[in-house]
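Protein chains in written order, with my numbering: chain Z, 1 to 133; chain H, 134 to 266. Just so it is clear, CB atoms sit at the ideal spot from N, CA and C, and this is done for glycine as well. Comments concern the structure below.
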DNA sequence: TGAAAAACCGACTAAATTTATCGGAAATAA
DNA sequence: TTATTTCCGATAAATTTAGTCGGTTTTTCA
């Protein structure tokens, strides 16, 4: 149960954007300031954009900016987008995976409980919360 | 943030043991019933034993059994043992890793909060809880 | 006492995933 | 029309996870 480097990079970059306010930030700047490999950051932002968390403006003086107020961006969504299948246990996520136990699986119940608990925590936290503390 | 197969296997095996009560179970049996590769299960139990969660008896009619009552076995410990560095974010765990931000890192604060929240949940749950629901 | 069954151990391989890089195309402001 | 930037797909490198194998030691029981 690790948080991937990708997610850590992504969150830091979003915090950076949030603190920049309405200013458009090119990746070059974020990469430099946050010490994140530029090419990798591009990929991360590609995902963030597709999922509607950030928007881009191309060309000179272009860059990225948050698609809406930090107050409206839940950390849960950020993690889901970057981390992929969140709190992933095969029996909870894999579409076609058939657990031999299935019906009587006590472990599955537990993972569900844990997932709910974590989701509850994450649903309460927004990007705005992170930058005001 | 995935739960590794190893942890999933391990938890299922422990639940199996807990349900078996005081009976000693050979891995061959657990492997068969829970559909877990025998050789891999051996490795998992090696860890569980070293961390004091299970005990073994060698030789014919030998096998593994819980080191104490399921009520006393916290799931938090099980996950920590099997999953390795739990809720791992480099800046929280890597001994010699130096985060460029360090002092002003807002992301780090968040990961700490999240970790605390999850730990709180896990600390409340024991093996016994899993098998009585 | 000897055979069978089990844990124990370390080295190794295979597979999967994550992280990172690269080369170029399209868009846009100045 | 040039510099800067996002955008895109392919691929390579690194790391981690999962699984396998061969053999040793211990113990029970017939």
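Is there a Cβ from chain Z that is less than 8 Å from the Cβ of residue i?
i: residue 179 of chain H; result: no
i: residue 245 of chain H; result: no
i: residue 254 of chain H; result: yes
i: residue 206 of chain H; result: no
Hey, out of the options, whose CA is closest to residue i's CA?
i: residue 144 of chain H; options: Z:128, Z:110, Z:117 and Z:115; result: Z:110
i: residue 135 of chain H; options: Z:118, Z:57, Z:126 and Z:129; result: Z:118
i: residue 150 of chain H; options: H:211, H:198 and H:162; result: H:198
i: residue 184 of chain H; options: H:161, H:206, H:255 and H:160; result: H:206
i: residue 155 of chain H; options: H:137, H:164 and H:190; result: H:190
i: residue 194 of chain H; options: H:204, H:160 and H:211; result: H:160
i: residue 257 of chain H; options: Z:131, Z:121, Z:6 and Z:113; result: Z:113
i: residue 126 of chain Z; options: H:254, H:240 and H:249; result: H:240
i: residue 137 of chain H; options: H:153, H:248, H:162 and H:212; result: H:212
Within the 8 Å Cβ cut-off, does residue i reach chain H?
i: residue 31 of chain Z; result: no
i: residue 118 of chain Z; result: yes
i: residue 2 of chain Z; result: yes
i: residue 130 of chain Z; result: yes
i: residue 89 of chain Z; result: yes
i: residue 106 of chain Z; result: yes
i: residue 49 of chain Z; result: no
Leaving aside the five residues before and after residue i along the sequence, list all residues of the same chain whose C-beta is less than 8 Å from its C-beta, in chain order.
i: residue 187 of chain H; result: 147, 150, 178, 181, 197, 198, 199 and 200
i: residue 9 of chain Z; result: 34, 36, 40, 41 and 44
i: residue 157 of chain H; result: 190, 194, 195, 196, 197 and 198
Counting only the same chain and skipping the five closest in sequence on each side, list residues whose C-beta sits under 6 Å from that of residue i.
i: residue 261 of chain H; result: 203 and 204
Between residue i and the rest of its own chain, which residues show a CB-CB distance below 7 Å, the 5 nearest in sequence each way excluded?
i: residue 6 of chain Z; result: 44 and 82
Inset, instruction - Specify whether the stretch 27–39 of chain Z and the stretch 71–90 of chain Z touch according to this definition: at least 3 beta carbon pairs, one from each stretch, less than 8 Å apart. - result: no
Inset, instruction - Would you list, in chain order, the members of the stretch 185–198 of chain H that have their beta-carbon closer than 8 Å to a beta-carbon of chain Z? - result: none
Legend entry - Members of the stretch 10–29 of chain Z that neighbour chain H once the beta carbon cut-off is set at 8 Å: 11, 12 and 15
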